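J.:
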Amino acid sequence: MNNRFILACQEYFVKRRAEAQAAGQPVCAHPRFRRETLPEEDISRRLKRLGRRIVRSEGLNKPVRIPALNGAEWGHLLRSLETVKGLA
Numbered sequence: 055m056n057n058r059f060i061l062a063c064q065e066y067f068v069k070r071r072a073e074a075q076a077a078g079q080p081v082c083a084h085p086r087f088r089r090e091t092l093p094e095e096d097i098s099r100r101l102k103r104l105g106r107r108i109v110r111s112e113g114l115n116k117p118v119r120i121p122a123l124n125g126a127e128w129g130h131l132l133r134s135l136e137t138v139k140g141l142a
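Convert by adding 54 to the 1-based position in the sequence shown; the result is the number in my numbering.
Take a look at the structure:
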């Protein structure tokens, strides 16, 4: 019973993907939002310090405790890591 359900779902999704490609539509249902690059001045000092600490500890192979962050803070931390490492 389970195998028939899985095969039916697989056929449905394969058929749906083929139809989308034939119509020239994007295959993925949820496109990723492209956002503008965050300027360094908008990042809080606390998150900049944490980014520098992470990079420094990474060089020493030491663990770093990262506190709970919300979505915006997490994005700011990742951006600060980019700027500290020179990847921006």
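Positions of the beta carbon are idealized from the N, C-alpha and C atoms, including for glycine.
All values reported here derive from a predicted model rather than from experimental measurement.
How close, in whole Å, do the beta carbons of Ile108 and Leu135 come, if the pair is a contact with beta carbons under 8 Å?
T.: With a Cβ gap of about 6 Å, Ile108 and Leu135 count as contacting.
J.: For the putative contact between Glu127 and Leu92, defined by C-beta atoms under 8 Å, what is the C-beta separation to the nearest angstrom?
T.: With a Cβ gap of about 12 Å, Glu127 and Leu92 do not count as contacting.
J.: At the level of alpha carbons, what is the spacing between Gly140 and Cys82?
T.: Looking at the two C-alpha atoms, the distance is approximately 32 Å.
J.: Rounded to whole angstroms, what's the CA-CA distance from Glu65 to Ala76? Just pull it up for me.
T.: In a straight line, the C-alpha of Glu65 is about 16 Å away from that of Ala76.
J.: In three-state DSSP terms, what is Ala122?
T.: Coil.
J.: Rounded to whole angstroms, what is the Cα-Cα separation between Arg58 and Val68?
T.: Straight-line Cα distance between these residues: approximately 15 Å.
J.: To which residues of the same chain is Gly125 closer than 6 Å at the C-beta, ignoring the five residues directly before and after it?
T.: For Gly125, where only same-chain residues beyond five positions count, there are no Cβ hits under 6 Å.
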